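Peer 1:
Numbering (our numbering), first residue to last: 341 to 481.
Right, here's the structure in full:
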């Protein structure tokens, strides 16, 4: 194989020969594969098979709740998609919920949606675990 790399200190692309190319672009590996021509070849061939990876943005929240579930609490996933688990010994919990297709946020926007927790996650948490009614969000990413 031969790949072409643009170096920071040059305006030109330099060819690099290699036996194997590893696409380590994570959530954007589908887009990088497409740039390399993968998925654009004849149907039924390796080059014609698209790499089915798309970036998806998810929010995870951390909260403190002294009266929350105890140390034995497993990872809990409700039927509505809200999940949480205890984090350590300090009465902290992490959790969230995947957005619906209509709610899907732009993965390029790196901001955390605080309203998503208030409107889509917290009401379900408080319904499932009444102690979470008074939780305090301490972190988010």
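Here a beta-carbon is modelled for each residue, glycine too, at the ideal position from N, C-alpha and C. Small disclaimer: the values here were computed from a predicted structure and weren't measured.
If you draw a straight line from the alpha carbon of residue 431 to that of residue 439, how long is it in whole angstroms?
Peer 2: The count along the chain shown starts at 1 and reaches residue 431 at position 91. The count along the chain shown starts at 1 and reaches residue 439 at position 99. Distance between the alpha carbons of residue 431 and residue 439: 26 angstroms.
Peer 1: In terms of residue numbering, what span does the beta strand (DSSP E) encompassing residue 477 cover?
Peer 2: Here residue 477 refers to the residue found at position 137 of the chain shown. Its beta strand (DSSP E) spans residues 476-480.
Peer 1: Which first and last residues belong to the alpha helix (DSSP H) in which residue 489 is found?
Peer 2: Outside the modelled stretch of the chain, which goes from 341 to 481, sits residue 489, for which no answer is possible.
Peer 1: Taking its Cβ as the centre, do 16 or more other Cβ atoms sit within 10 Å of residue 469, making it buried, or is it exposed?
Peer 2: One-based indexing of the chain shown puts residue 469 at position 129. Per the 10 Å Cβ criterion, buried.
Peer 1: Do residue 397 and residue 445 have their beta-carbon atoms positioned less than 8 angstroms apart in this structure?
Peer 2: Residue numbering aside, residue 445 sits at position 105 when the chain shown is read from its first letter. Residue numbering aside, residue 397 sits at position 57 when the chain shown is read from its first letter. Against a cut-off of 8 angstroms, the Cβ pair of residue 397 and residue 445 comes out as a contact.
Peer 1: Using DSSP's beta-bridge definition, name the partner residues of residue 456.
Peer 2: Taking the first residue of the chain shown as position 1, residue 456 is located at position 116. Answer by DSSP bridge pairing: none, since residue 456 is not bridged.
Peer 1: Please confirm whether residue 452 and residue 435 have their CB atoms less than 8 angstroms apart.
Peer 2: Translated into the one-based positions of the chain shown, residue 452 becomes position 112. Translated into the one-based positions of the chain shown, residue 435 becomes position 95. Cβ atoms of residue 452 and residue 435: not closer than 8 angstroms.
Peer 1: Can at least three beta-carbon pairs, one atom from the segment 375-383 and one from the segment 399-409, be found at a separation below 8 angstroms?
Peer 2: The segment 375-383 is not in contact with the segment 399-409.
Peer 1: Residues in the same chain with beta-carbon distance under 7 angstroms from residue 345, minus the five sequence neighbours each way, listed in chain order, please.
Peer 2: Within the chain shown, the letter at position 5 stands for residue 345. The residues are 353, 354 and 356.
Peer 1: Which runs of the beta strand (DSSP E), 3 residues or longer, sit entirely within the segment 370-447?
Peer 2: Segments of the beta strand (DSSP E) lying fully in the segment 370-447: 401-404, 423-427 and 432-436.
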